[in-house]
Structures are given as C-alpha cells and as structure tokens.
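Trainee: Protein chains in written order, with this note's numbering: chain A, 344 to 1014; chain B, 501 to 754.
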Amino acid sequence: MNLLIKKTSIIFELLGAMLLSVGLAYAQENKEASSLSFGLTPTLQYRYVDGDENKFREDQWIQDGWAGGVDDFYLKKSLKNEWILQMKGHAIVPEEDYEFLLHLMKENLGFFRAHFTEYRKYFDDTGGFFGPFSIPVFDLHKDMHLDIGEFSLEAGLTVPDLPRVVIGYERQFKEGEKSLLEWGSVTEGSLTRNIFPSFEEIDEKEDVFRVDIDYSLGKVYLEDRFRYKQYKTHTKRFEENQNLDTGTSETVNISEQYDHDALYNTFHLDSHITDTIYFSFGYLVNDLNGDGSFNMLTAPLGPDPFDKNWHADPIELDQQSHVLNLNSQFGPYHQLSFHGGVQAEVIDTEGNTHAILTETLPGQGPVSPEARMRSRTDKNAFLETVGVRYSGIPYTSLYAEGKWRQQDIDQYEKEVEDDITVFERLTDTDADRQRYTFGFSSSPVRRLTFSGRYRLSDRENDYDHKIDTELGYSAFIDRQDLDSQEIQAKVTARVITALKASFQYERVKTEIDTLSQTTPPSNVESGDYLADIYSVGVTATPISSLYLTGQFSYRDVKSESFDNDSLSVTAYNGDVYAFLGTAGWAVTKKTHLTLEYLLSWADNFQDNSENGLPLGVNNTRYGISLSCSHRLTDQIQARLGYGFYKYDEESNGGVDDYKAHVVRVGLEFTF
Amino acid sequence: MQGRCLSVILAVYLGILVFSCSSSSKRVLVQPTAIKGAEPVGMETCLLCHEDIVKNFKYTAHARLHISLDNREVLGCESCHGEGSLHLEVGGGKGQYIINPGRNPTVCYQCHLGVKMAFNFQYHHPVREGRMNCINCHDPHGENIYRAKGMRIGRENDVCMQCHQDQTRPRVFEHEALREGCTICHRPHGSINDKMLVEKDNNLCLKCHAQIAIPNSVTIGDFSHTTRLAQGTCWSAGCHTAVHGSNINPHLRY
Chain A
344 MNLLIKKTSI
354 IFELLGAMLL
364 SVGLAYAQEN
374 KEASSLSFGL
384 TPTLQYRYVD
394 GDENKFREDQ
404 WIQDGWAGGV
414 DDFYLKKSLK
424 NEWILQMKGH
434 AIVPEEDYEF
444 LLHLMKENLG
454 FFRAHFTEYR
464 KYFDDTGGFF
474 GPFSIPVFDL
484 HKDMHLDIGE
494 FSLEAGLTVP
504 DLPRVVIGYE
514 RQFKEGEKSL
524 LEWGSVTEGS
534 LTRNIFPSFE
544 EIDEKEDVFR
554 VDIDYSLGKV
564 YLEDRFRYKQ
574 YKTHTKRFEE
584 NQNLDTGTSE
594 TVNISEQYDH
604 DALYNTFHLD
614 SHITDTIYFS
624 FGYLVNDLNG
634 DGSFNMLTAP
644 LGPDPFDKNW
654 HADPIELDQQ
664 SHVLNLNSQF
674 GPYHQLSFHG
684 GVQAEVIDTE
694 GNTHAILTET
704 LPGQGPVSPE
714 ARMRSRTDKN
724 AFLETVGVRY
734 SGIPYTSLYA
744 EGKWRQQDID
754 QYEKEVEDDI
764 TVFERLTDTD
774 ADRQRYTFGF
784 SSSPVRRLTF
794 SGRYRLSDRE
804 NDYDHKIDTE
814 LGYSAFIDRQ
824 DLDSQEIQAK
834 VTARVITALK
844 ASFQYERVKT
854 EIDTLSQTTP
864 PSNVESGDYL
874 ADIYSVGVTA
884 TPISSLYLTG
894 QFSYRDVKSE
904 SFDNDSLSVT
914 AYNGDVYAFL
924 GTAGWAVTKK
934 THLTLEYLLS
944 WADNFQDNSE
954 NGLPLGVNNT
964 RYGISLSCSH
974 RLTDQIQARL
984 GYGFYKYDEE
994 SNGGVDDYKA
1004 HVVRVGLEFT
1014 F
Chain B
501 MQGRCLSVIL
511 AVYLGILVFS
521 CSSSSKRVLV
531 QPTAIKGAEP
541 VGMETCLLCH
551 EDIVKNFKYT
561 AHARLHISLD
571 NREVLGCESC
581 HGEGSLHLEV
591 GGGKGQYIIN
601 PGRNPTVCYQ
611 CHLGVKMAFN
621 FQYHHPVREG
631 RMNCINCHDP
641 HGENIYRAKG
651 MRIGRENDVC
661 MQCHQDQTRP
671 RVFEHEALRE
681 GCTICHRPHG
691 SINDKMLVEK
701 DNNLCLKCHA
711 QIAIPNSVTI
721 GDFSHTTRLA
731 QGTCWSAGCH
741 TAVHGSNINP
751 HLRY
C-alpha cells in the first residue's frame, strides 16, 4: 500500500513537473522566437481471450479486457537562452505500463533529467502435468504479476574544458507475485510427482546514489563512477504438497528478509598515446554489508525428514571486491593490430547465520537445536587476453584471440548445532579457463559478405577437499572439465539492390566430465550438450512503397546427462521452429499498412510418466497483426490495428490453450 | 496445419506484392533500418564530431569484423546508424536523421538473426515488447561488449545483477554453478523453457552432479536420488530449492 502511494505520488509529481515545464515553455513564447514540436497519441485497446487468460498475459505481456491511455507523447521546445526542453512518455492503464521523461538541457552548460518507467510482467499459475493422476494438472487461480520499474533524477554539468559531472538518484523496484518452478508434491496411490504450482510474493527495492565524473586531460581520458546502493527485499514463498487419496495437504511458507548497503567505485583511465598506441587502466572497489532473516513454517509439522520449522536471525553477509585491469592495443602496423590485457580480481565473502532448526527426528520426536553457520570464500583470479587482427588481405578481416583465467578459491563452511560440529568443509579450488577464438569477415564482391567464427573453451575445476566431515554432499566432486566448441558461419548476399538474404549456422557442443569421490573414484562424462541452429533472413523492397522481411529459424538441441542406466533420467531433445514475417506497404501517400506474422512450434514432448515426469513440450504459437495508419490532415493520423493470437499445447492436456483477438485504435496528433 | 499456415502467409505476401505493383511508385515506405534520401559519408566523417566513439571503435568486438573499402564499409558506423549525409547536413544532433539501435533493436537483428528469433520464444527478456533493449546488457562501442550499464569494468554476473539482485547477491552457502556465470543455466535472449532455462528438467543439474556408486542408481553426494528424481526436478519444493545459494543449508535446501 505504501509503495502504491509512493508510486502514485511519484507519477503526480512527474506529471506536475511536466505540466509546469509546459507552462514555463509556453511562457517563453512571447519573449523570443522559439520552435515547438509536440505529439500525442491517445489509444484504446480491447483484448478478448477465449481460453487461459493467465497464459495469454504471460505470453503477450498484456492483459485481457479494455486498456487505454497515451501510446506516445513527446514535446520538444527551445526555451530562452538556448535551453531545450524535451518530454516524452506513454501511459497505458490498467496494466501499469508507464514512461515519463523530462530532459532540460543547454549545450556546453548542463542538463537535468527526470525519468520514471514501469511495466508489468505476468505469470501463468499452472504447475506441472502428470497424465496418470486423476487430476493431472493444478493451477492456483491467481492473477500473478510483478510491477517492475525505476525512477531516476539526474543533473549534470557539461561545460567544455571542465570535468563533466553527473549527480543522480535512482530507485528500482519490483513488487507483486511471481510463479516458481519449485513445485510441491502430489501423491495418489503409490505415485508421488512434484507438479503442484508454487509462488512467491516479492517486495524489492534498491536506492542508488551516483556520481559520474569524466575529464579529458590532454591525451588522457579519466572517468570515475561512484555508486552507493541500498538494497532491500522481502519475499514470501508459498509451497503446497497434496495427497489426492486422503484430501489432505501440507503447506510450507518461507519468508526471507534481506538488505544490504554497498559502495562501488570504478576508476578508468585511457589514452591514445599515438595513432597506433592505446592503453587503458581500470580499478573497481566494492564493499557490501548485508543482513537478513529467514523463517520457514511447515503446517502440519510431521515426521517427514523434509518437514522443518526453521528460523534464522540474524544472517550476516560481508563482501569486498577489488578488480584491477590494464589493456593496450598496438597498431595497425601494415594492417596488423595487436591487443592485450590483464585483470586481477580479489573477492572475499563472509557469511554468518544464527538459527533455530526445529524438526522431527525419527525416534526422538521434535528437536530444536541452536545452529551457528559460518562461511568464508576467498576468490583470487588473474585473467590474460591476447589478440591480433589483420586486414591486409583485400576485402577481408581476420582475427584471433586467446583468453586465460586462473582462479584460486578457498572455501570454508562450518555448521555447529548445540556446540557440536555437524558439518565442516574446507575446499581449495583451482579453476583454469582457456578460450580461443578465430574468425574472419570477407566481402570479396560488393554484394556478398561472409563471416565465420570458431571458439574453443576449456574450463577445468580441481577441488582439493582439505576438510570434509560429511560423506557425500556437498564436497563430493574432485574435478570437473567443461569443454565447449562453438562454430558460427554466416553469408549475406544482396542479390539485387532490392533483395538481401542472410543465412547463419551455429553449432554449440559442450562436454562435461566429472570425477567424483567414490571408491574407486568415478570419472564419467556427466553432460553432453549439442545445439544446431539454422537461421535464414530475407529482406525485400520490390518497389519503393513495399518492404518485406522474413526470418526462419530451426533449433535442434540435445542434452544428455549421466543416468547410470536409471530410467528416471531421460535425455532432452528440443526441436524448435520459428518464423517471423513483416510487411510494410504504403498503399497511398496517406495510408500505410503493416502486417506481422509469428509462428513457432516446439515438437519435443517425451512422455516419461512411467518412470518420472514428462519432458519437453509440444506447442504451437501463432500471432498475426495487421495495422493501418491513415493521415487525415497534416497534423492528425489515425491508426487501426487488429491482432489474432493462438496458443496450443498438447503436452499439458491443453489447459494453457487460448485464442485472443486484440483491437487497437489510436489518433496521432503532431504539431 | 503448419503447411496451411505457411500457404496463408505466402498468399498474403503475394497479394500485397500484386497490389503494390499496380500502384504508384512515388509512394515511398522507408524500412525501419534505412534513412530516406540519405547517402553514405564514411567513418572518417563521423570522426569529425564523434571522435571518442570512432577512435575507440577499433578496440571493440564489432571492429573485428569491420572492412573498410574505397566506397563502402562493412560494419562501420553507418551499418548500424544509417547513412549519414542528412545527419551531416543538419549539423548533427540526437535523433537528427540518425538511427539509434539503443532504442530499436531492428538494426542489431540484421546481423544477429538467431538472437532475434530467440527473443520471439515464449520466455524472453522483454525486448520485443519495447521494455528493454540491447544496450541494457551490451556495450556496442565498448572494449567489453558485456558490461554493466554505465560501468567500464565488472565481475562475473555483474550485467545480470543490474536487475536480478536477489539471484546474484552473496549468500552464506554459495551454489558453485554461479561461478560459471548465469548462462550456464539460463538463456538470456530467450528459451522455450520457463525462467529461460536451458532445460526445465533434471538434465540441467545432472550434467554437473554425477557420481557412480550403485548400478542403475543416480547417486549424488553418496545419496541415491533415483526415487526422488522420478518425482520431479532437483529444485522441487522440499529439496534443493535454493538454486542461487542458501543462507541456512549447505545442501542448498530451502
């Protein structure tokens, strides 16, 4: 409620400021010659949905029913003494889609800027699907959405030969409810599947105070960015487990509060010493102090080992970061350029939790030990980059780059319950990253351009568990290698002046090998990911009054993990096709038509109900919209639009299916 | 069904084409990525006013693909901002005959075809809806194309942290997957899976969490998860829900 009042007051303050500015702007009119441009586009829309309204909202980012307001508003006016006022924005109700910008500036002196933006993100309330249950799918009957936005004020000095200084304040916020994928369990007969939907209430805000300073001192450019951030979040998670045989349910509510104060400062310096020598230096320092609390309430609290009533207060977190980098570039010398850089990072994090962990232990009944948890993670990393670019081959550019990163991570974690150490871990991790990229771009003839890129990435993590009191979790991996190869090839042809076509192919292959602690140690290829992506794009302008664009994409994704012949783990195969077409046609000098068509379909559902949950999805999404604009006078343009949207999903029994019709009318006034 | 839809699209396109051919060619409809009546001026001309951007351009990821020829450029300033002659004639200025890809990603989509299609998947960042744009996460003029807004230097995940503080903030017990970056589990441009996940099933976790102990058993951390995995995902309620780290449990429960 408080946030609503605050937001409303912000909107009114901004509207007041805008109106005041308009008044001021007009007051100048008689004093000197001035130019004014002004535009306003009121709109009215109706969206009719037949089917799952929540899915429509999530899918199209708009809600059903009536909506209206100002689709676009702008004003630009020259004021006295060369000041320029600009305002723009839009406001669509009732879906909380707003933007207001006020910008007052004078060249070579300074500016003032106020900005407010907000939009709504919707969430479907349906959980998972399991066909064999008498109720195969559940929903929460909730209209879930998050209002996401920011408000900022900025003032800057832009006087030549003096440092450019900008001081600003910014508030970012998220408020509302969102769906989660942490689904609760549903039990019927001997089967239990986690498909019951869950959600989270979120109230999150961040205040940022900022100072930016930029200055050129001869050939040296200096930049400093200072941020002081206050972050606060309060979340409540609601999870539910249901038994269809007994009709009973268990609820789990988890409430978390957390806030932190953080200071950031980045300093950057660069210089073009000569036309062929450049270097830059940067330093980031960050200090973060946070604290929070955690409450988990299970009702009823039963003997199940997963039933907990946990309470933690305080939770304390501190983090310090220092990042230092140095980059340089030399060239071109005979069309050859070199670049290189190094970066050092130190990130230290410390956490402490004091908790009362109430649960029911088999044979002991309810227990409530007092727990103290502590962690410390020190990350030290060093990065090196070396690259070369050659443009000496006619119509061609070649490049290669290598990046290396060595990281040492000391991780210490300990949990003491009623003065007894129940868990202690000290792991020293050596992480090595290597990434090599080779690529080219070539345009041997005027109408043809080729480009290609190959990238090889290798990531190795070696874990040395110096202390590990708990068998298994969480310190059970000794080594992990992630090898990835990416290929990207593209050809663009302007076949004739009026026709341009592009084809792009991408392949990403990742293999993950894991060595874990068993007797004897087990080394397995734990993951294998392969994606082939084909994209085609065509743009045609057969005549000056018509343009046509079309893109088609096909993705073939396979992801397999180590299953040890267990039937509950199935490889993921994701085939996705998508087509997007747009046409614009100037029917007359005054009338323009625009047509957009979207079609995407996924065909990768795998019914693994016998051994687990189904994987993948079979769905089809359509969207077609036709809009027409007609200029009534030099100052007024009418807009009319119609859209049809359809969603079909076979893989969840059609509970999310919808058909929707959207009608939009609008008038654009420009002066 | 899909074939029928494609036929309808083709018919509509051909219909528009036929109508257009019979109409006057004096009507000009400018593509969203072109500036009506403008001619190319070359990067050297842009340098006259935009010295800081043009001089630094050669250190950017985009510059690697730049080819400068006598009378044309591949991936020069005008490839993204439109031909500059009219902008030059009016003395420059924001929005004066210049395309700003920061407001409209259409220009970026000309080359990044796969990205454009990803933004049209069911779960995506709201770029198509106009609530975000490419420069919220990328710096096309910067040495580092992945950078936090307004910052020149950053740590892993700082770009995502701008908006997703709750997911990236420090926690007492860290999920080590975050060290590999958010993209190890999420597709930032778009996905057919909710929360833009790479996969929405156990494959997402089991790729890294694997162990051989007992035949036909998925053992993780010396504990057989075979029956649990049959119930649902690793991050199901009651199990390892704290996928971004936990303040209360080293096993990332709750």
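We put the CB at the ideal spot given by N, CA and C, even for glycine.
What residue from B:Cys608, B:His624 and B:Gly582 has the CA that sits closest to arginine 687 of chain B's CA?
Mentor: Of the candidates B:Cys608, B:His624 and B:Gly582, the one whose C-alpha sits nearest the C-alpha of arginine 687 of chain B is B:His624.
Trainee: Could you tell me which chain A residues have their CB closer than 9 Å to the CB of methionine 661 of chain B, listed as they occur along the chain?
Mentor: Those within 9 Å of methionine 661 of chain B in chain A number zero; the least Cβ separation is about 10 Å.
Trainee: Can you tell me which residues form a DSSP beta bridge with proline 385 of chain A?
Mentor: Note: proline 385 of chain A sits in a beta bridge opposite A:Val413.
Trainee: Using the Cβ count rule (16 or more neighbours within 10 Å means buried), how would you classify glutamine 429 of chain A?
Mentor: The residue in question, glutamine 429 of chain A, is buried, as its Cβ has 16 or more Cβ neighbours within 10 Å.
Trainee: What are the partner residues of tyrosine 709 of chain A, as DSSP defines its beta bridges?
Mentor: Note on residue identity: the sequence assigns proline, not tyrosine, to residue 709 of chain A. Paired residues: A:Thr703.
Trainee: Which first and last residues belong to the beta strand (DSSP E) in which valine 834 of chain A is found?
Mentor: Valine 834 of chain A -> beta strand (DSSP E) spans 820-839.
Trainee: In the DSSP assignment, find the unbroken beta strand (DSSP E) run with glutamine 980 of chain A in it and report its ends.
Mentor: Taken as a continuous stretch (DSSP letters only), the beta strand (DSSP E) holding glutamine 980 of chain A covers 979-992.
Trainee: What number of angstroms, rounded off, separates the C-alpha of phenylalanine 393 of chain A from the C-alpha of glutamine 750 of chain A?
Mentor: The question names phenylalanine, but residue 393 of chain A is aspartate in the sequence shown. If you take the alpha carbons of aspartate 393 of chain A and glutamine 750 of chain A, they lie about 55 Å apart.
Trainee: Going by C-alpha to C-alpha distance, which of B:Phe621, B:Ile653 and B:His612 sits closest to cysteine 634 of chain B?
Mentor: Among B:Phe621, B:Ile653 and B:His612, the Cα nearest to that of cysteine 634 of chain B belongs to B:His612.
Trainee: Less than 8 Å separating the beta-carbons of tyrosine 988 of chain A and aspartate 1000 of chain A?
Mentor: In this structure, aspartate 1000 of chain A does not lie closer than 8 Å to tyrosine 988 of chain A by Cβ.
Trainee: If you measure beta-carbon to beta-carbon, which residues of the region 622-637 of chain B are closer than 8 Å to chain A?
Mentor: Of all residues in the region 622-637 of chain B, Gln622, Pro626, Glu629 and Arg631 have a Cβ within less than 8 Å of some Cβ in chain A.
Trainee: Sort A:Phe539, A:Gly432 and A:His682 by Cα distance to histidine 484 of chain A and report the nearest one.
Mentor: Of A:Phe539, A:Gly432 and A:His682, the residue nearest in Cα terms is A:Phe539.
Trainee: Hey, out of A:Leu447, A:Ala874 and A:Thr530, whose CA is closest to serine 592 of chain A's CA?
Mentor: Selected option, being the one with the closest Cα: A:Thr530.
Trainee: Since glycine 927 of chain A and valine 900 of chain A should fall inside the 8 Å C-beta cutoff, what is the C-beta to C-beta distance between them, to a whole number of angstroms?
Mentor: The Cβ separation is near 33 Å, so there is no contact.
Trainee: Which partner residues does glycine 394 of chain A have in the DSSP bridge list?
Mentor: DSSP output for glycine 394 of chain A lists A:Tyr1001 as bridge partner(s).
Trainee: Along the chain, where does the beta strand (DSSP E) containing leucine 500 of chain A start, and where does it finish?
Mentor: Taken as a continuous stretch (DSSP letters only), the beta strand (DSSP E) holding leucine 500 of chain A covers 487-500.
Trainee: Starting from glutamine 662 of chain A, find everything on chain B with Cβ-Cβ shorter than 7 Å and list it in chain order.
Mentor: Simply Pro670.
Trainee: Is it the case that the Cβ atoms of tyrosine 441 of chain A and tryptophan 404 of chain A are separated by a distance below 8 Å?
Mentor: No, the Cβ-Cβ distance between tyrosine 441 of chain A and tryptophan 404 of chain A is not below 8 Å.
Trainee: For valine 998 of chain A versus valine 480 of chain A, is the C-beta spacing smaller than 8 Å?
Mentor: A contact, by the Cβ cut-off of 8 Å.
Trainee: Check distances from the C-beta atoms of the region 935-950 of chain A to those of chain B and list, in chain order, the residues that come in under 9 Å.
Mentor: Those residues of the region 935-950 of chain A that come within reach of chain B (Cβ to Cβ, closer than 9 Å) are His935, Leu936, Leu938, Tyr940, Leu941, Leu942, Ser943, Trp944, Ala945 and Asn947.
Trainee: Contact between the region 570-590 of chain A and the region 601-608 of chain A: three or more CB pairs below 8 Å?
Mentor: Touching, per the Cβ criterion.
Trainee: Could you name the residues of chain B that tryptophan 653 of chain A contacts, counting a contact when the two beta carbons are closer than 9 Å?
Mentor: Simply Ile748, Asn749 and Tyr754.
Trainee: Entirely within the region 862-908 of chain A and at least 3 residues each: give me those beta strand (DSSP E) ranges in chain order.
Mentor: Correct list: 865-886 and 889-904.
Trainee: For the ligand FAD, is there any heavy atom lying closer than 7 Å to the beta carbon of histidine 654 of chain A?
Mentor: For the ligand FAD, the structure offers nothing, since it holds no ligand at all.
Trainee: Closer than 6 Å by C-beta to glycine 1009 of chain A: which residues in its own chain qualify, once you throw out the five before and the five after it? Chain order, please.
Mentor: Once the five neighbours on either side are set aside, the close Cβ partners of glycine 1009 of chain A are Thr384, Thr386, Asp414 and Arg982.
Trainee: Between cysteine 521 of chain B and chain A, is the shortest Cβ-Cβ distance under 8 Å, so that the two count as touching?
Mentor: Low local confidence applies: a pLDDT of 42 at cysteine 521 of chain B is under 50, so the model's placement there is unreliable, and no value is given.
Trainee: From arginine 748 of chain A to glutamate 727 of chain A, what does the alpha carbon distance come to, in whole angstroms?
Mentor: Those two C-alpha atoms are separated by around 6 Å.
Trainee: At what residues does the beta strand (DSSP E) containing isoleucine 684 of chain B begin and finish?
Mentor: Run containing isoleucine 684 of chain B: none; DSSP gives neither H nor E here.
Trainee: What residues in its chain sit with their C-beta under 6 Å from that of arginine 964 of chain A, if we drop five residues either side in the sequence?
Mentor: Same-chain partners within the cutoff: Ser943 and Tyr990.
Trainee: Does any CB atom of chain A fall closer than 8 Å to the CB of alanine 710 of chain B?
Mentor: Closer than 8 Å: yes.
Trainee: Note down, in chain order, every chain B residue with its Cβ under 8 Å from the Cβ of asparagine 995 of chain A.
Mentor: Residues of chain B passing the Cβ test: none, with the nearest at roughly 12 Å.
Trainee: Listing by chain order, which chain B residues have their CB less than 8 Å from the CB of arginine 1007 of chain A?
Mentor: None at all; the shortest Cβ gap to chain B is about 15 Å.
Trainee: Using only alpha-carbon positions, find the residue among B:Arg631, B:Ala534, B:Pro605 and B:Val672 that is nearest to glycine 584 of chain B.
Mentor: Here the closest residue by C-alpha is B:Ala534.
Trainee: Measure the alpha-carbon distance for glycine 666 of chain B versus arginine 850 of chain A and round it to whole angstroms.
Mentor: The sequence given here places aspartate at residue 666 of chain B; glycine does not occur at that position. If I take the Cα positions, the gap works out to 33 Å.
Trainee: Report, in whole angstroms, the separation of the C-beta atoms of isoleucine 748 of chain B and alanine 642 of chain A, which I expect to be a contact under 8 Å.
Mentor: So it is not a contact: roughly 19 Å between Cβ atoms.
Trainee: Could you work out which residue in A:Asp826, A:His935 and A:Phe766 is closest to aspartate 775 of chain A when comparing CA atoms only?
Mentor: Nearest option by C-alpha distance: A:Asp826.
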